[in-house]
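In my numbering, the protein residues as written are 48 to 291.
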């Protein structure tokens, strides 16, 4: 009798490991770029949005090449110590490659890269685990939507399920008491994120900043990382990908 597939669990949020061959290809690609491009930047990112990063990569294809994946593998490609560095000074790049960071090989100067990064910043809805950037409160009475009109009555059950003390009054969604969706600085939960989305309140900004630059064997530190990073496990889904 054939085995039933009805109860088979398929994980859709995890990417498959590329294995040894994939790591070897990544190392070779990075070392090839060291030879090809005059500058290597380490960049850091917050609130990663793959669509925004893909758009940026496509616009910089003629001048640049991005690598975003396993920091450990990229460090192996560059060399972790002076004795193992692929080129002089690359061990310093490895040391800067920590946390949510990537590599950018390019012929562009610092100002040009920073301009491109700024043009592709993107505001999006927050995800669970991220911190609220503002306090959002709703008064008692009819619930007003993001366009200034009343919220659709079909949303009332979802609001109530997400913690809002609501009721329907002749088809009008009303709050029977004031309600605070979130407070600035607190970690957001799934219900709060759902409410913020309903009211079209975006709190997650995708940003990229330059950390350092390696050129002609010398490393220049551009900025230092801060302690506040809102990346979550959900943001890392699918991140073991090399952008080339």
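The beta carbon of each residue, even a glycine, is placed where N, CA and C say it ideally should be.
Quantities reported herein were computed from a predicted structural model and do not represent experimental measurements.
Looking at the backbone, the Cα of residue 195 and that of residue 139 are separated by about 53 angstroms.
Each of 230, 257, 264 was checked against the Cα of residue 160, and the nearest Cα belongs to 257. Assignment of residue 250 by DSSP, reduced to helix, strand and coil, places it in the coil class. Looking at 147, 86, 127, the one whose alpha-carbon comes closest to that of residue 116 is 147. CA-to-CA, the gap between residue 118 and residue 134 works out to about 18 angstroms. Taking the C-beta atoms as reference points, residue 254 is found nearer than 8 angstroms to residue 92. In this structure residue 88 is in contact with residue 260, their Cβ atoms being roughly 5 angstroms apart against a cut-off of 8 angstroms. Counting along the chain, no beta strand (DSSP E) covers residue 161; the unbroken alpha helix (DSSP H) around it starts and ends at 157–166. If you draw a 10 Å sphere on the C-beta of residue 153, you find 16 or more other C-beta atoms in it, and that means buried. Burial check for residue 203: the Cβ neighbour count within 10 Å reaches 16 or more, so the residue is buried.
By the Cβ rule, the region 224–243 counts as touching the region 171–189, because three or more pairs are nearer than 8 angstroms. The C-beta distance from residue 262 to residue 222 rounds to 58 angstroms, too long to meet the 8 angstroms contact threshold. By a beta-carbon distance limit of 8 angstroms, residue 209 does not contact residue 151. Their separation comes to about 40 angstroms. With a beta-carbon spacing of about 7 angstroms, residue 220 and residue 206 fall inside the 8 angstroms limit used to define contacts. If the five residues before and after residue 248 are omitted, its C-beta is found closer than 7 angstroms to the C-beta atoms of 183, all from its own chain and listed in chain order. For residue 224, the closest alpha carbon among the candidates 214, 231, 230, 232 is that of 214. In this structure residue 190 is buried. Its beta-carbon is surrounded by 16 or more other beta-carbon atoms within 10 angstroms. Ranked by Cα distance from residue 123, the options 130, 167, 141, 264 are led by 141.
Residue 143 sits buried, since 16 or more C-beta atoms from the chains shown fall within 10 Å of its C-beta. Looking only at 101, 76, 136, 145, the smallest Cα-Cα distance to residue 271 is reached by 145.
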